[in-house]
Amino acid sequence: MSSVSLTEQMGAMALIDELRHSQAEVQKHLDLPRHRQLVAERIREFYRSRGIEVEDALVEEGVRSFFATRLTYEAQPMGPWSKCLAQVYITRAQWLMPLAVFSIVSLGAIFMARPVADFFAGVRLQATQTQVDQARAQADARGVQLDRLEKRLSGLESEALANNVPAAVRLLKPVHEALEKVRLAQPVTLPPKVTAQSRAEDAALAVSVTENLKKEAADLQALEPQLNTVTQLLAADTKLKTQVTAASFAVLGTTYPALAAAATKARSALDQADTQGLPAVQSALDQLDALVTQTSVVSPYLTQLQEARGNLRKMGLSKVDAEQFQPLFAKVDQAVKDMDTAAAERGLQEIERLRTVAATPLTLEVVSRTGEKSMIERNYDPTGGKTWYLLAEASDASGNVVPVPITSIESGERRYASIFGVRVSQATYQAAKNDKLLDGHVDDRLMGKKAANSLTFTFVKGPVKTKPDYILEW
Numbered sequence: 008m009s010s011v012s013l014t015e016q017m018g019a020m021a022l023i024d025e026l027r028h029s030q031a032e033v034q035k036h037l038d039l040p041r042h043r044q045l046v047a048e049r050i051r052e053f054y055r056s057r058g059i060e061v062e063d064a065l066v067e068e069g070v071r072s073f074f075a076t077r078l079t080y081e082a083q084p085m086g087p088w089s090k091c092l093a094q095v096y097i098t099r100a101q102w103l104m105p106l107a108v109f110s111i112v113s114l115g116a117i118f119m120a121r122p123v124a125d126f127f128a129g130v131r132l133q134a135t136q137t138q139v140d141q142a143r144a145q146a147d148a149r150g151v152q153l154d155r156l157e158k159r160l161s162g163l164e165s166e167a168l169a170n171n172v173p174a175a176v177r178l179l180k181p182v183h184e185a186l187e188k189v190r191l192a193q194p195v196t197l198p199p200k201v202t203a204q205s206r207a208e209d210a211a212l213a214v215s216v217t218e219n220l221k222k223e224a225a226d227l228q229a230l231e232p233q234l235n236t237v238t239q240l241l242a243a244d245t246k247l248k249t250q251v252t253a254a255s256f257a258v259l260g261t262t263y264p265a266l267a268a269a270a271t272k273a274r275s276a277l278d279q280a281d282t283q284g285l286p287a288v289q290s291a292l293d294q295l296d297a298l299v300t301q302t303s304v305v306s307p308y309l310t311q312l313q314e315a316r317g318n319l320r321k322m323g324l325s326k327v328d329a330e331q332f333q334p335l336f337a338k339v340d341q342a343v344k345d346m347d348t349a350a351a352e353r354g355l356q357e358i359e360r361l362r363t364v365a366a367t368p369l370t371l372e373v374v375s376r377t378g379e380k381s382m383i384e385r386n387y388d389p390t391g392g393k394t395w396y397l398l399a400e401a402s403d404a405s406g407n408v409v410p411v412p413i414t415s416i417e418s419g420e421r422r423y424a425s426i427f428g429v430r431v432s433q434a435t436y437q438a439a440k441n442d443k444l445l446d447g448h449v450d451d452r453l454m455g456k457k458a459a460n461s462l463t464f465t466f467v468k469g470p471v472k473t474k475p476d477y478i479l480e481w
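Numbering (the numbering used here), first residue to last: 8 to 481.
Here is the structure:
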């Protein structure tokens with residue numbers, strides 16, 4: 008025992024006391040309700056020893072409140088600056104890396120700013136030089152275009168004056184004025200080389216010049232259709248002159264007035280082409296071409312008409328009969344002059360039909376068939392007048408009924424009729440009526456005859472006058 012020093016003993020006892028104290032504190036916290044009750048009881052004894060009356064409920068509430076907050080820590084309120092610094096520190100993981108990157112990039116940009124600026128300045132300078140060069144090329148192209156148009160205009164003006172085409176001269180006048188205006192415009196001046204000092208000014212000049220050149224080029228291009236129109240107009244004039252000066256055209260123009268009228272119309276369209284337009288000229292020329300082509304088609308009809316006239320003369324018709332052909336001849340002649348082949352064809356057919364009737368000997372007889380009328384009595388009220396007609400038909404030597412041209416005294420209509428009414432006297436009408444009443448037929452049917460190469464019937468009975476009246480309706 009004598010080997011243990013006092014220092015060691017005191018040190019060990021101090022540690023033991025500290026452990027014992029810690030154990031006591033732990034026990035107090037492990038049995039908090041009992042410890043709280045002991046504290047409350049001691050407080051009551053303290054107040055009683057001093058003669059102070061305190062309610063138990065108040066003591067309990069005070070002890071409970073004390074123990075409820077005694078182990079909590081309430082930090083001191085922080086100022087704005089402290090809060091800001093704390094927030095910065097807390098969020099350092101979010102902003103520290105971007106800040107580092109930004110700093111590095113900024114430093115790089117500072118060191119690279121001048122070289123980059125010089126590079127882009129060079130790019131802009133080259134771009135401006137390209138603009139100026141393109142504008143200069145456009146100016147050269149405009150000059151070439153202007154020279155070409157002026158050369159073409161000069162040639163067309165000379166041709167128009169030489170061929171005496173006033174409409175072409177008038178059409179070329181506005182073109183001449185437009186080209187003169189462009190020629191007298193202020194010349195384009197562009198710098199041969201763009202510098203850094205003049206770049207902005209040269210760029211603006213290049214843009215302005217380019218816009219003006221584009222507009223002028225478009226205006227010059229717009230003159231092309233006018234020149235094309237004049238070219239076509241001069242070609243049309245040459246074509247028309249070639250047609251009308253041909254020897255054959257003079258003969259055709261005399262024979263076919265429509266052809267001469269079409270040529271006059273085409274010339275008028277050419278003279279007014281500056282107001283009526285090229286389509287009117289082309290239409291007139293197309294019509295003239297069509298009529299020229301039509302002459303070869305209609306020419307045979309003229310020959311047939313001449314043959315029909317000759318055949319009629321050979322028939323030796325009487326003057327009265329021959330006059331019935333004259334309206335048909337005139338109709339065909341007019342159709343030929345009008346170049347109306349359809350009308351000419353119909354007219355020749357009518358001539359041939361009438362010629363056939365004239366050439367055929369015919370017998371005129373009263374119609375006498377079961378179920379058909381043989382006679383008609385006309386009553387004209389209120390005058391009370393009457394006329395009488397026998398219904399007749401013409402037949403050839405074979406007994407075939409032949410339609411003949413008849414003009415109605417009532418309506419003036421003229422047409423071919425197989426059956427028609429011939430006006431007779433009342434006595435003739437009554438005799439035929441009595442004849443039919445006997446057995447339902449007219450036995451004495453013969454009314455007249457027509458000789459060959461004639462259109463006039465010779466009546467053996469009936470008509471009340473030399474030139475009888477006919478009707479076509481009953």
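No residue lacks a Cβ here, since even glycine has one placed at the ideal position from N, Cα and C.
Note that the coordinates shown come from a computational prediction; the quantities given were computed from them, not determined experimentally.
- Secondary structure at LYS338: helix, using DSSP grouped into helix, strand and coil.
- Put simply, the backbone Cα of ALA270 is about 12 Å away from that of SER290.
- Annotation for GLU166: LEU241 place their beta carbon closer than 7 Å to its own, counting only its chain and skipping 5 residues before and after.
- By the Cβ rule, the segment 137–144 does not count as touching the segment 235–249, because fewer than three pairs are nearer than 8 Å.
- With respect to the C-alpha of ARG376, the residue from GLU357, LEU398 and GLN356 having the closest C-alpha is LEU398.
- Secondary structure note for GLY354: it is in no beta strand (DSSP E), and the uninterrupted alpha helix (DSSP H) holding it is 348–366.
- Along the length of the segment 83–124, whole alpha helix (DSSP H) runs at least 4 residues long occupy 87–97, reported in chain order.
- Distance check between LEU191 and each of ALA207, LEU197 and GLU223 places GLU223 closest, using alpha-carbon atoms only.
- Residue range 285–322 is occupied by the alpha helix (DSSP H) that includes TYR308, with no beta strand (DSSP E) assigned at that position.
- The C-alpha of ARG422 is placed about 14 Å away from the C-alpha of GLN356.
- By the Cβ test, the segment 308–316 is in contact with the segment 343–355, since at least three Cβ pairs between them sit closer than 8 Å.
- Cβ-Cβ separation between TYR477 and ILE383: approximately 12 Å, too far for a contact (criterion under 8 Å).
- According to DSSP, residue pairing for ASN386 in a beta bridge involves LYS393.
- The beta carbon of PRO368 lies closer than 8 Å to those of ASP403, ALA404, LYS456, LYS457, ALA458 and ALA459 in the same chain, with the five residues before and after it left out.
- In this structure VAL373 is in contact with MET454, their Cβ atoms being roughly 6 Å apart against a cut-off of 8 Å.
- Assignment of ALA265 by DSSP, reduced to helix, strand and coil, places it in the helix class.
- Going by beta carbons, VAL288 and LEU312 fall outside the 9 Å limit.
- GLN279 is positioned such that its CB atom lies closer than 9 Å to that of ALA174.
- By the Cβ criterion, the segment 208–225 is in contact with the segment 146–160, since at least three pairs of Cβ atoms, one from each stretch, lie closer than 8 Å.
- DSSP, read as helix, strand or coil, puts GLU32 in helix.
- The beta carbon of LEU160 sits closer than 8 Å to those of LEU179, VAL182, HIS183, LEU186 and LEU234, all from its chain and outside the five residues before and after it, given in chain order.
- Rounded to the nearest whole angstrom, the C-alpha separation of GLY392 and VAL429 is 17 Å.
- Under the 10 Å beta carbon count, SER461 is surrounded by 16 or more other beta carbons and is classified as buried.
- LEU212 is positioned such that its CB atom lies no closer than 9 Å to that of ALA146.
- By alpha-carbon distance to VAL172, the top candidate from VAL237, LEU259 and ALA75 is VAL237.
- Under the three-state reduction of DSSP output, ILE416 falls in the coil class, being neither helix nor strand.
- Proximity of the segment 64–73 to the segment 42–50 meets the contact definition, three or more beta-carbon pairs being nearer than 8 Å.
- Straight through space, the alpha carbons of ALA253 and ALA351 are spaced by roughly 27 Å.
- Judged by DSSP in its simplified three-state form, GLY260 adopts helix.
- Put simply, of ASP209, ARG274, SER418 and THR414 the residue whose alpha carbon is nearest the alpha carbon of PRO475 is THR414.
- Counting along the chain, VAL66 sits inside the alpha helix (DSSP H) bounded by residues 63–76.
- One alpha carbon belongs to ARG121, the other to PHE109, and they sit about 19 Å apart.
- Linking THR135 to LYS200 through their CA atoms gives a straight-line distance of about 10 Å.
- Rounded to whole angstroms, the gap between the alpha carbons of LYS440 and PRO264 is 58 Å.
- Within the same chain, Cβ atoms closer than 7 Å to the Cβ of TYR54 are found at VAL61, the five residues on either side in sequence being excluded.
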